[in-house]
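Undergrad:
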Amino acid sequence: MKHGHEPLAREELPVDTAALARYLIGKRVVRKLPEGIVSGRVVETEAYVIDDAAGHAYRGMTPRNRSLFLERGHAYVYLAYGVSWMLNVSSETEGVGAGVLIRALEPIEGIAIMATNRATERRRDLARGPGRLAEALRIDRSLDGLDLTRKGPLWLAGDDHEVGEIGNSVRIGISREAERSLRFYLRASPYVSGARSLNP
DNA sequence: AGTGCGATTGACT
DNA sequence: GTCAATCGCACTA
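FYI, the numbering for the first sequence is 1 to 200, going by my numbering.
Next comes the structure, spelled out in structure tokens:
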């Protein structure tokens, strides 16, 4: 990497949730921890679009989901099933609630730190799945609302690596609006979560 | 104030 | 393949 994890500029982020979900494939999530930098390539995302009954913003702003209404490029972090933290990127203009769930990363930097955070040595299991990636990067509520277009504890950056073919499918683990094809993933990546049928 | 339910994971049959 | 863990939050009253 010749660049120094320069953050993505907000202006380059598509002002459209599905477009942003696709755009983020191949980009980098960078986490600064006391032990060092941890980062990975985004290989899987899901869009939770405007007026989406499956989206947390569907019934309006609440204390939990207010970060979804921030200008695009901010973190929305919440706890799923009382067990796993989920990292989302707000995706529309200020006041409009929508976001992109980051579902899996290909581990790039700080592998040893991730392995410690995850209590496993298996490379493929470090950040395959939204809860796992949050654990690997030690992401929790304290990062909710963070501007991901600025260097800080967590941000989004570019990546010089060529991006392979991007597939799309229905979203995973939801019941409402389950038929919509709003999941995006890198076809060739072994670091993508989900059943085989969803990764043709 | 009580209740039902997940944008998941890991353990287990 | 099935299933329990675990808890914050939105919703009902």
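Glycine included, every Cβ here is placed at the ideal spot set by N, Cα and C. All of these numbers come straight from a predicted model, not from anything done at the bench.
1) In its own chain, which residues sit with a C-beta less than 8 Å from the C-beta of leucine 156, not counting the 5 before and 5 after it?
2) By Cβ distance below 7 Å, which residues in the same chain neighbour serine 67 in space, the five residues on each side in sequence not counted?
3) Would you mind sorting histidine 161 into buried or exposed? The rule is 16 or more other CB atoms within 10 Å of its CB.
4) Give a yes or no on contact between the stretch 57-66 and the stretch 179-196, applying the rule of three or more CB pairs nearer than 8 Å.
5) Starting from lysine 32, follow its DSSP beta bridges and name the residues at the other end.
6) Just how far apart, CA to CA, sit glutamate 44 and glycine 99?
7) Mind checking whether glutamate 106 and arginine 22 have CB atoms under 7 Å apart?
8) For tyrosine 191 versus arginine 141, is the C-beta distance shorter than 7 Å?
TA: Judging by the given coordinates:
1) Translated into positions along the first sequence, residue 156 becomes position 156. Counting only Cβ-Cβ distances below 8 Å, and skipping sequence neighbours, we find Pro7, Leu8, Leu24, Lys27, Arg28, Val29, Val30, Gly73, Val89, Leu148, Thr149.
2) By one-based count along the first sequence, residue 67 stands at place 67. Scanning its chain for C-beta atoms nearer than 7 Å, with the 5 sequence neighbours on each side dropped, one finds around serine 67 the residues His74, Ala75, Tyr76, Ser90, Asp144, Gly145, in chain order.
3) Taking the first residue of the first sequence as position 1, residue 161 is located at position 161. An exposed status is given to histidine 161, since fewer than 16 other beta-carbon atoms sit within 10 Å of its beta-carbon.
4) Touching, no.
5) Stepping through the first sequence from its first residue, residue 32 is reached at position 32. Answer is Ile37.
6) For the purposes of this step, residue 44 is taken as the residue at position 44 of the first sequence. For the purposes of this step, residue 99 is taken as the residue at position 99 of the first sequence. Distance from the CA of glutamate 44 to the CA of glycine 99, rounded to the nearest whole angstrom, comes to 14 Å.
7) As a first step, residue 106 is located in the first sequence; it is residue number 106 there, counting from the start. As a first step, residue 22 is located in the first sequence; it is residue number 22 there, counting from the start. No, Cβ-Cβ distance for glutamate 106 and arginine 22 is not below 7 Å.
8) Position 191 of the first sequence holds residue 191. Position 141 of the first sequence holds residue 141. Between tyrosine 191 and arginine 141, the C-beta gap is not smaller than 7 Å, which leaves the two residues out of contact.
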